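Okay, so here's the structure we're looking at.
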Amino acid sequence: RGFSKITRDITDRRNAEAALRTAREEAENASRAKSEFLSRMSHELRTPLNSILGFAQLLEMDPGTPAQQAQVRHILRAGRHLLGLINEVLDIARIESGRLALSPEPLALRPLLQEVSLLLSPQADSADIRLHLPDDLAPALCVLADRQRLVQVLLNLLSNAIKYNHPGGYVDVQVEADANTVTLSVIDNGPGIAAEDLGRLFTPFERLGAASEVEGTGLGLALSKSLLEQMDGSLSVRSTPGEGCTFSLTLPRAQVHAALLPAPAPATAPTASPLAAPEQPLRVLCIEDNLSSLALIETLLSRWPQVQVISAMQGQLGLDLAWQHGPEVILLDLDLPDLSGQEVLERLRQKPSSRETPVLLITADASAGTQRSLLAAGATAVLSKPLHVPTFLATLRQHLDVARTLPPEPDHEQP
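Written out as structure tokens, the structure is:
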């Protein structure tokens, strides 16, 4: 009888362990499927927007009648609004699935706030809102945060403060710091929020009865709070109806000597100037399987008559053309039908003739983790879809200029 009880106990334990293994495998499979779904949705949603916003930017660069220019601005505004909604929904889903990768680093606040001010000044001017961000911060005042995500949070808070304010109002940013934390407060004199509504403010999709003509999903504040908490920070709000709101975000302070901080990036996007005429055509290989995206790039580069575009819609064909023609620059899409863009990149870097060729990788996956892995794999630069046309042209031009000054490397391998 005792032996039977021991046997039964062992069997029960093994069954319990097997059930736990099965449950763990099912959870891992579900998490992996969700991650793959998010990646696919990012590609499927952002790729068509690449053509919509890309061709609209191209039209904006060409002279047209005032009515045509106004129509183009409507397209761009609607497209960028849709892109913002897509990004918010995907970010919330990534946070919920634990798939949002962050890269905290010491960030100097002064250049960061200058950049944000430049980005939001047009919105504030058009709404007749006085926007003031401090420009006298100590150069060494730093926070520990993911740069892309902190800019995203600041843009969301300040854009909301402008959007929900009244003409003639103001939006101010104040900064306070102690030994361990830095607090940025976004202060406005808008209509404010009732006390009974403050508890619902950070609930996803909650807009608190915002007017229907005010665009938004109600995701921005919930996303901002989640992002700050992921960076060991916090977001709080206080408000008096009829007097305005104060949103305060707190982040860990980073102690960095000013001399060790990187030089600030240019506050404005570079513009593409004409290329000097070379003795021979500059060859750009574009490996892209989406016809509309390919047509956009070919149309953009047709503005430079000295550039010859070679196109491939499959990864293997792109590799063959790269080794056959030796282009000065390769534009490579990450999502291809036969090989992944990363596989193509790795093969290019393995062959001496293409090892040093600039490869600008274009992807609809805008996550920081993807960009880091692609740069580590050998990409010269990573550009996100939808393309920002001036930045794309300036980046390409930079590498074409470099390519023209360097002699081609001989290929010692047999074809």
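Heads up: the sequence shown is residues 614 to 1028, going by our numbering. For each residue, glycine too, the CB sits at the ideal point set by N, CA and C. Keep in mind the model is a prediction, meaning the values are calculated, not measured.
LEU733 has its alpha-carbon roughly 16 Å from the corresponding atom of HIS779. Counting the other Cβ atoms within 10 Å of the Cβ of SER839 gives 16 or more, which makes it buried. Within the model, the alpha-carbon separation for GLU956 versus ASP978 is close to 16 Å.
In the three-state DSSP reduction, VAL799 falls in the strand class (E or B). When C-alpha distances from ALA774 are compared across ALA751, THR796 and ASN802, the shortest belongs to ASN802. Taking the CA atoms as reference points, LEU996 sits about 27 Å from GLN893. Where SER849 is concerned, the enclosing beta strand (DSSP E) starts and stops at 847–853. The beta-bridge partner set that DSSP reports for TYR783 consists of ARG743. Between the alpha carbons of ALA807 and PRO854 lies a gap of roughly 6 Å.
Per the DSSP secondary-structure output, ILE943 pairs in a beta bridge with LEU898 and VAL972.
With a cut-off of 8 Å on Cβ pairs, the region 845–859 is in contact with the region 790–801, counting three or more such pairs. If the five residues before and after ARG760 are omitted, its C-beta is found closer than 6 Å to the C-beta atoms of LEU720, all from its own chain and listed in chain order. Taking one beta carbon from each stretch, the region 736–750 and the region 706–716 have fewer than 3 pairs nearer than 8 Å; the two do not touch. Residue LEU666 holds the alpha-carbon nearest to the alpha-carbon of GLN684 among LEU666, ASN700, GLY697 and ILE699.
VAL869 and ALA632 have their alpha carbons spaced roughly 50 Å apart.
Restricted to the region 671–721, the alpha helix (DSSP H) segments that are unbroken, complete and at least 4 residues in length are 679–710, listed in chain order. Remark: C-beta atoms of CYS899 and SER861 do not approach each other more closely than 8 Å.
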